[in-house]
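Take a look at the structure below.
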Amino acid sequence: MGRIVLWISPLLWALSTLTTPAAADSGGVIIVVPPVSTDTGIKQIPDAAHPYVAPGPGDQRGPCPGLNTLANHGYLPHNGIASFEQIVNATREGFNMEHDLAGALAGFAMLARGNAFLDLVSIGGTSSLIPVLPGAIDGPNPPGGISKHGRFEGDVSMTRQDAAIGDNVNFQNSLYDELLLYTGRFGDDSPITGNGSIVTTKVMQEFKYARFLEDQVQNKALQYHVGRLTLSYGEAAFVLNFFANGTDGTLSQQTMGSFFRNQTFPANWHRRSTPGSTVGFRPLGMAQGTGTKKEHCGGPVGHLGTWGQRMVHQDERNLNKKYIL
Ligand code: HEM
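Residue numbers for the sequence shown, in mature numbering (1 follows the signal peptide of the UniProt record, and there is no 0): -24 to -1, 1 to 301.
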C-alpha cells in the first residue's frame, strides 16, 4: 500500500490544481481537502444518527464493502454519489481511516472513475447525476463509477469475480465460502466466537494465493500486474485492519460477515483506536506478499504496463506460463 501513496501523490496535487476560481466560474465545483481531524479515537459505530437503511432501487452500490456500508448507514450519501471530501470524512468517522490514505483512495477514484470537475464519484456504476467530463476528455460516455473494470476495480478480488468471467461488482457467496473455509483452516481460536473463527494474516495469505491460482486457470484475460497486486493485497489488509473490532483488534468471521454479506456495521462494534494508514499496513503487506507463498504478478502477454514489467517471483506452482514475467 505504501506504493499507492507514491503513485497517487501526484494525483492529489493534480486535484489541488483543479480547485481554481476559473473552475468554479465555469460551473465546476471547488474540491475541498478537509483538514486533518483530531477526532481519531475509538468510538462505537454506528451512532444513533446513522441507522442502517437498505439501499433503494436507485441507490448506487458497488465492489467496496467499506463504502457500501458507509452509504447504507448514511455516513456517505445514501444514493451512493459522493464528493472527495465526503469520502475522506466518512471513512474517518466510520472506520478511522487516516487522512492521507483516504485522500489518496478518494482522489484516485475521483480521477479514474468520477467527474472531478463536479467533485462527484459513484461508489457503484454509471449515474445520471454524473455527466460526461467537460470536452469528453475521458471519452463520450459518463464516468463508470468505481464498479467499472480497470484503473481501480480489478482482478483477483476476494468476494467479487473477475470481470472477464463473472460479476465483478456484487458480493459472491461462492467466493466468500472459500474465505470462510480458509478462516476455518488457518484462523485462530476464540473462546467467544469459536475455534478457527478469527481471521488472521495467515488466512489472507493462503486465501489470496488460492484465489490467484484459481483465476490463472479460469481467466484467460487475467490482469495481475504490480499495481493490481498492491491494491488487492491492500484490500485484504483493509479487512484485517478496518473491519476488526476496535475493542480488542481482532476480527471474527461473524463480524467480517456483517460487512461482506450484509454491508452493515455489526452490533457493539467500535472503529479502530488509531488512524489506519499505509505505514501500519506495510509490514502486513510484505508478510502477505513474501510469506509462506511466493506471489505472482502479470498480465496477458502484450498488455503489460510498466509496473507489470518489473516483477516478481515465480515458482513451480504457477499454472499458466503465459502470465509469468
Ligand atoms: C477511501 C475510499 C475508498 C475507495 C475509493 C475504495 C474503492 C474500492 C474499490 C474500487 C474496490 C474494488 C477493487 C477490486 O476490484 O477488488 C474496493 C474493494 C474493497 N474495499 Fe474499498 N475503497 C475505499 C475505502 C475502503 C474502506 C474504508 C474499506 C474498509 C473499511 C474498504 C474495504 C475494501 C475491501 C475489503 C475491498 C475488497 C472487496 C473484495 O475483494 O471482495 N475500502 N474498494
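Virtual Cβ for every residue (Gly too), placed ideally from N, Cα, C.
The structure displayed is predicted, hence computed values, not measured ones.
In the structure shown, ASN91 falls within a strand segment according to DSSP collapsed to helix, strand and coil. By the CB criterion at 9 Å, PRO33 and HIS49 fall outside the cutoff. Annotation for SER13: no alpha helix (DSSP H) segment contains it, and DSSP assigns it neither H nor E. One alpha carbon belongs to THR16, the other to SER104, and they sit about 35 Å apart. Selection LEU189, PRO118 and MET134 evaluated against LEU87 yields PRO118 as nearest (Cα-Cα). The Cβ atoms of ASN44 and GLN239 lie closer than 9 Å to each other. For the 9 Å CB-CB criterion, VAL9 and PHE60 form a contact. Contact between ARG89 and ILE122 holds: their C-beta atoms lie close to 5 Å from each other, under 8 Å. Rounded to whole angstroms, the Cβ separation of VAL175 and MET232 is 6 Å, and the two are in contact under 8 Å. Between the alpha carbons of LEU109 and ASN65 lies a distance of about 25 Å. Using a Cβ-Cβ distance cut-off of 8 Å, the segment 147 to 159 and the segment 195 to 208 are not in contact, since fewer than three pairs of beta carbons, one from each stretch, lie closer than that value. Going by beta carbons, ILE99 and ALA58 fall inside the 9 Å limit. When DSSP states are grouped into helix, strand and coil, LEU77 belongs to the helix group. Assigned with DSSP and collapsed to three states, ALA85 falls in helix.
CA-to-CA, the gap between THR177 and SER2 works out to about 49 Å. Within the chosen limit of 8 Å, the ligand HEM does not reach the beta carbon of LEU205 with any heavy atom.
In this structure, the ligand HEM has no non-hydrogen atom nearer than 8 Å to the beta-carbon of PHE241.
Cα atoms of TYR200 and ARG187: separation of roughly 12 Å, rounded to the nearest angstrom. In the three-state scheme derived from DSSP, where H, G and I count as helix and E and B as strand, ARG247 is classed as strand. In the DSSP assignment, ILE174 is bridged to ASP164 and SER228. ASN72 is a Cβ neighbour of PHE218, given a cutoff of 9 Å. Beta-bridge partners assigned by DSSP to GLN20: HIS246.
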